[in-house]
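Student:
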Amino acid sequence: MKAIGILFTVLSLWIGLCPVTDSTNSTNSTTQCTTKQEAILVYLQDGSGSIWPQDFNKSKAFAVNITQHFQIGRNNVQVGYVQFSDNVQIVFTPDTYDDANSITSAIMNMVQLKQGTKTGKALDTVIRELRKAAALRPGVPIYLIVVTDGESQDSVLQPAENLRNTTNAMVYCIGVGTEANQTELNQIAGNKSRVFTVGSFDGLKDIENTVMKQMCSEVPVQKDSPPAVSNKECTTKQEAILVYLQDGSGSIWPQDFNKSKAFAVNITQHFQIGRNNVQVGYVQFSDNVQIVFTPDTYDDANSITSAIMNMVQLKQGTKTGKALDTVIRELRKAAALRPGVPIYLIVVTDGESQDSVLQPAENLRNTTNAMVYCIGVGTEANQTELHQIAGNKSRVFTIGSFDGLKDIENTVMKQMCSEVPVQKDSPPAVSNKECTTKQEAILVYLQDGSGSIWPQDFNKSKAFAVNITQHFQIGRNNVQVGYVQSQIMYKLYLPLTHMMMLIPSPLPL
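Residues -23 to -1, 1 to 486 (mature numbering (1 follows the signal peptide of the UniProt record, and there is no 0)) are what the sequence shown spells out, left to right.
#1: Comparing alpha-carbon positions, which option in Thr356, Ser378, Ile376, Met348 lies nearest Gln365?
#2: Is the Cβ-Cβ distance between Ser263 and Ser226 less than 8 Å?
#3: How would you label Gly459, buried or exposed, when you count the other beta carbons within 10 angstroms and need 16 or more for buried?
#4: Whose C-beta lies closer than 7 Å to the C-beta of Val269 among residues of the same chain, with five residues either side of it excluded?
#5: Ile430 by DSSP, collapsed to three states: which one?
#6: Give the secondary structure of Ile104 by DSSP, where H, G and I count as helix, E and B as strand, and everything else as coil.
#7: Among residues of its own chain, excluding the 5 on either side of Pro71, which ones have a beta-carbon nearer than 7 Å to its beta-carbon?
#8: Note the first and the last residue of the continuous beta strand (DSSP E) segment covering Thr174.
#9: Could you give the distance in angstroms between the alpha-carbon of Leu423 and the alpha-carbon of Val461?
#10: Enumerate in chain order the residues of its own chain whose CB-to-CB distance from Gly93 is below 8 Å, with the five nearest sequence positions on each side excluded.
#11: Once you ignore the five residues that flank Ala338 on each side, which residues in its own chain have a CB closer than 6 Å to its CB?
#12: Out of curiosity, what's the CA-to-CA distance linking Lys292 and Asn53?
#13: Have a look at Gly97 and Ile320 and give me their C-alpha separation to the nearest angstrom.
#14: Give me the DSSP bridge partner(s) of Leu420.
#15: Going straight from the alpha carbon of Lys190 to that of Tyr149, what length do you get?
#16: Phe61 lies in the beta strand (DSSP E); which residues open and close that run?
#17: Where does the unbroken beta strand (DSSP E) through Ala16 begin, and where does it stop?
#18: For my contact list, Ala157 and Thr125 are in at a C-beta cut-off of 8 Å; report their separation, rounded to the angstrom.
#19: Considering Cα atoms alone, identify which of Asp276, Asn243, Ala239 is closest to Asn254.
#20: According to DSSP, is Ala241 helix, strand or coil?
#21: By Cβ distance, which residues of its chain are closer than 7 Å to Ala278, with the 5 residues on each side in sequence left out?
#22: Is it the case that the Cβ atoms of Asp75 and Gly116 are separated by a distance below 8 Å?
#23: What's the call for Asn346, buried or exposed, on a 16-neighbour Cβ count within 10 Å?
#24: Look up Ala217 in the DSSP assignment and say whether it is helix, strand or coil.
#25: Pull up the CB-CB distance for Gln331 and Thr295, whole angstroms please, since I reckon it's below 8 Å.
#26: Thinking just about the alpha-carbon of each residue, which of Gln336, Asp32, Lys37 is nearest to the one in Leu368?
#27: Taking the alpha-carbon positions, what's the Asn243 to Thr143 distance?
#28: What are the partner residues of Cys351, as DSSP defines its beta bridges?
#29: Mapping DSSP to helix, strand and coil, what is Val188?
#30: CA-CA distance, Thr155 and Ile80?
#31: Figure out for me which residue from Asn42, Pro231, Val59, Val354 has the closest Cα to the Cα of Leu21.
#32: Taking the C-alpha atoms as reference points, what is the distance between Ser228 and Val88?
#33: How far does the alpha helix (DSSP H) with Val304 in it reach, from first residue to last?
#34: Beta carbon of Ile104, beta carbon of Asn139: below 8 Å?
#35: Measure the alpha-carbon distance for Phe173 versus Leu90 and round it to whole angstroms.
#36: Quick check on the DSSP output: the alpha helix (DSSP H) that includes Thr143 runs from which residue to which?
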C-alpha cells in the first residue's frame, strides 16, 4: 500500500480556526473554536494507484465533511486542495473559492491520478503554496492534515521539517490500515499528539470529531507568546536594512542549520519588504564568506525565503572576524544607496571564532552605525565574544540549542522594534537637502595619527570622517574628498601648508 494524504495546515501568527456550523457528529466544535475565526486550510490528497476508487472517494468525503464545519470566505476560512502521486496537482488554491458549495464540488469532481506515491515531493510543493497563501493573509493560521495508508517512495523527513519550520504550520497526520508507517507519520506531523490511526478508510468518519477537537483545542505557537511588537506597532521603523550573518561551520548539524534558516525567514516575515520599506541581505560564513544575496537583490518576501532555504551549508571552520570585515563593506554599500535608513545585523553562531572579532566588530559598529544582535547557540558559544560582537549586553541572546531560536523570535523582534537607531536619536543637523548651496566642494580631513591615541579611538576618528562624508554627494562635479594623516602634531603647520597647496581656490563653505 502507498501513502494516502490529506494535508491540512494552518500557518498561525496571531489567530486560529473557527467552525461555526454544528454537525450531528461534532457537538462541541463551535464552542471549542469560537476565538479562531480566520484560517487557511489546505488538503493534500494521495491519489496513487494503490488506493481503490471507493476509498479515494471516502477520503474526498472526509475533506468535505471537515470543511463544512467552517465559515468559508476571504475574511474567514479559506480552503485549498492538492492531490499527489508521482506528480503533484494543485486542484485549487486557498484564494480560489469563497463558498463551501464550490469547494465541495471541486473536491468531489477531482479525478484520481493513480500513479506512485511521492509524499516528500508533495510536501515540498505544499510549502510553496502555503507561503503564497500566507503572503496574501499575513498573520492568519495555517493547519496541515496528512492521511496515509502506507510508506512514501521518497523521504518525508526533511520536507516535513522544512514545512513546519518555515510556515509554523500545525500538521495532523492520519494513518489508514496496517501498512501505515508509524515512524513516517510522526516525521510528517512532528508531534505524536497530532498523529491518528484507523483500520480502514471507513474509519475516517469515526475520527472526524477527534480531529476537529484536537485542531480546535490547540493554540498556534505564536498565540502562546504573541509578538510584543508587530509590523503595525513598528510603524516608525518601516524603512530599514536588515542583514543576517549566519554561521555555516561544520560543527552545526544540517537539521540545525535549517532551523537557523527558518529563524531568519520567520523574522523577515514580520516586515514589509520592498525598496522603500525593509530590504534584507544574507551572508553565510565559515572559513570563507559567502554573500548569499545583498539587500538590494530582492523586493519580496517569497524570493527572500526561497533564497535562504535553498542555501547550501559551507561546513568548514569558523572565522567570524573575517565575516564581520566582509559585512562592513556590504553594509556601507547598502547605506550609500539609502542614506539615513537604520541598519540591523543579526549574527547567529554556535561557537568561538578562530580569529579575533573585537576589532572587526568595533569597526562595523563605528563605521555603519548598525545595531548588532548576536545569538549564541549551545554550550560552546563564547559569552565574551558575543558581547564584543554586539557591543551591548542587551543585544546578546543565548539559547541551549537551535530549537530555542523559535522561542526567542518574539524577544528579538521586541528588542529590535523598541530601539531607536543612532541616526534617529540625533538626526544630522545638516543633510544633503539642507546643503543645497554646498553641492560643489573640496573636503580634506587632517587626522592626528600619533601614538598617544588608542587604536579604538583612532578608529572612532576614522568613523567620524566616514559619517561626515556620507552626508555629501561625492563626484568630480560635486564634493571631492582627501585625507591626510599627521604622525607628529607639533609639526601641524607643515601638513596644513601642504594641504592648502592642494586646494585651487577657497572652499565654498
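Heads up, the beta-carbon is just placed ideally off N, CA and C, and yes, glycines get one too.
Tutor: This is what the structure holds:
#1: Met348
#2: yes
#3: exposed
#4: Tyr259, Val260, Gln261, Ala284, Met288
#5: coil
#6: helix
#7: Ile17, Val19, Gln55, Val56, Gly57, Ala110
#8: 172 to 175
#9: 5 Å
#10: Lys(-22), Ser25, Gly26, Ser62, Asp63, Gln130
#11: Leu301, Gln365, Ile366
#12: 45 Å
#13: 38 Å
#14: Val458
#15: 12 Å
#16: 54 to 61
#17: 16 to 23
#18: 6 Å
#19: Asp276
#20: helix
#21: Ala112, Thr245, Gln246, Ile250
#22: no
#23: buried
#24: strand
#25: 5 Å
#26: According to the sequence provided, residue 368 is Gly. The question's Leu does not apply to it. Comparing Cα positions, the closest option is Gln336.
#27: 7 Å
#28: Val324, Val373
#29: helix
#30: 31 Å
#31: Val59
#32: 48 Å
#33: 297 to 314
#34: yes
#35: 25 Å
#36: 134 to 144
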